[in-house]
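Going down the list, the sequences are from chains A and B. The number in this note's numbering is simply the position in the first sequence, starting from 1, with 133 added. The number in this note's numbering is simply the position in the second sequence, starting from 1, with 653 added. Report on the structure given below.
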Amino acid sequence: GENVEQHPSTLSVQEGDSAVIKCTYSDSASNYFPWYKQELGKGPQLIIDIRSNVGEKKDQRIAVTLNKTAKHFSLHITETQPEDSAVYFCAASEDYGQNFVFGPGTRLSVLP
Amino acid sequence: DTAVSQTPKYLVTQMGNDKSIKCEQNLGHDTMYWYKQDSKKFLKIMFSYNNKELIINETVPNRFSPKSPDKAHLNLHINSLELGDSAVYFCASSPGQGISGANVLTFGAGSRLTVL
Numbered sequence: 134g135e136n137v138e139q140h141p142s143t144l145s146v147q148e149g150d151s152a153v154i155k156c157t158y159s160d161s162a163s164n165y166f167p168w169y170k171q172e173l174g175k176g177p178q179l180i181i182d183i184r185s186n187v188g189e190k191k192d193q194r195i196a197v198t199l200n201k202t203a204k205h206f207s208l209h210i211t212e213t214q215p216e217d218s219a220v221y222f223c224a225a226s227e228d229y230g231q232n233f234v235f236g237p238g239t240r241l242s243v244l245p
Numbered sequence: 654d655t656a657v658s659q660t661p662k663y664l665v666t667q668m669g670n671d672k673s674i675k676c677e678q679n680l681g682h683d684t685m686y687w688y689k690q691d692s693k694k695f696l697k698i699m700f701s702y703n704n705k706e707l708i709i710n711e712t713v714p715n716r717f718s719p720k721s722p723d724k725a726h727l728n729l730h731i732n733s734l735e736l737g738d739s740a741v742y743f744c745a746s747s748p749g750q751g752i753s754g755a756n757v758l759t760f761g762a763g764s765r766l767t768v769l
C-alpha cells in the first residue's frame, strides 16, 4: 500500500520568510496530491492540490511542486504570516479514488 | 451553516462504556468517512461509505461500528471503550466515486474522545 513521509515534523520561520515542506510517496499509481492545513481545534482544510499531469501549481502565496520521477512533492509558502501557523498535512491518492494516505504532518510556527 | 457537523465535540467516558459520535453533511456529497487522529497528529482512515454502502474498512477493531442511515449521515458507535481509543475522531465527506474532484475532503471540526 501507499506510504507517505513528510519532513520536517516541525518548522519555525520568521514572519516574512518562506517555508518549504516536503513529502515523498511510494505508490506510483498515486496521481492526486492535496495539502491540508489544520488550525488549532479545527478539522483539516484543503489549501491546494495537484494532479500528476502538472508539475507546479500556484495560488497567491502558496505553491506546490511535483516530481513524479522521484515521487516527491513540496509545499512552498512565501511571505509567511502569523496566521499561517498550523499543522500541514500532505496526502496521496489515486484520482477518483477514495483512500487517502496522509503524511504525519508538519507543525509550522511563524514567529512575529 | 456548517458543511460537516459532528457531535459531540468533547466526550469523556470510562473504560468499558459504549458511546456514539454523530456526523451530518449538508453538501450533497455521496461519500463520507471517519478518520482517527492520535496524540501525535497522525490521521488514519477508519471507514468510508458511498451512498450508504461501506467502501473502505481499514484494520479497525470490530468494537467500532459505523452506521449510515442515509447518505447525509454517518455515525460511529464504539463498544467497550479502551484507553487506546482516546483520540480526536474526524468525520469528512467528498463529492463521490468516479467523479473528477471526487477526492476533495471536507472535514468536520472533530470529536475529542477521552477514555479514563
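Ideal placement from N, C-alpha and C gives every residue a C-beta, glycine not left out.
Each of B:F695, B:E711, B:S692 was checked against the Cα of S701 (chain B), and the nearest Cα belongs to B:E711.
At least one CB of chain A lies nearer than 8 Å to the CB of L758 (chain B). In terms of beta-carbon proximity, P177 (chain A) lines the interface with chain B, with at least one pair separated by less than 8 Å.
According to the DSSP secondary-structure assignment, L729 (chain B) is paired through a beta bridge with B:I674, B:P719. Assignment of E212 (chain A) by DSSP, reduced to helix, strand and coil, places it in the coil class.
Under a criterion of Cβ atoms nearer than 8 Å, the residues of chain B adjacent to Y165 (chain A) are, in order, N756. Taking G238 (chain A) as the centre and dropping the five residues before and after it, the same chain places the C-beta of Q139, S142, Q171, V220, Y221, F222 closer than 8 Å to its C-beta, in chain order. Within 8 Å of the CB of A740 (chain B), no CB atom of chain A is found; the nearest one sits about 14 Å away.
About 14 Å separates the CB atoms of Q659 (chain B) and A740 (chain B); that is not less than 8 Å, and the two are not in contact. With a 10 Å radius around the Cβ and a threshold of 16 neighbouring Cβ atoms, K693 (chain B) comes out exposed. Contact between S145 (chain A) and L208 (chain A) is absent: CB atoms are separated by about 16 Å, not below the 8 Å threshold. By the rule that beta-carbons nearer than 8 Å mark a contact, I674 (chain B) does not touch chain A.
Listed along chain A, no residue sits closer than 9 Å to A725 (chain B) by beta-carbon distance, the nearest being about 17 Å off.
Residues V137, F166, P167, W168, Y169, F233, V234, F235, G236 of the same chain have their beta carbon placed closer than 8 Å to that of A224 (chain A), with the five preceding and five following residues left out of the count. When DSSP states are grouped into helix, strand and coil, L680 (chain B) belongs to the coil group. The beta strand (DSSP E) runs lying completely inside the region 157–200 of chain A and spanning 3 residues or more are 165–171, 178–184, 189–192, 195–200, given in chain order.
Annotation for A762 (chain B): no beta strand (DSSP E) segment contains it, and DSSP assigns it neither H nor E.
The shortest CA-to-CA distance from D723 (chain B) to any of B:S673, B:E677, B:K672 is the one to B:E677.
Around the C-beta of A745 (chain B), 16 or more other C-beta atoms lie within 10 Å, and the residue is accordingly described as buried.
Looking at the backbone, the Cα of S747 (chain B) and that of G737 (chain B) are separated by about 28 Å. The C-alpha of E189 (chain A) lies about 43 Å from the C-alpha of R716 (chain B). Taking the CA atoms as reference points, P714 (chain B) sits about 19 Å from E706 (chain B).
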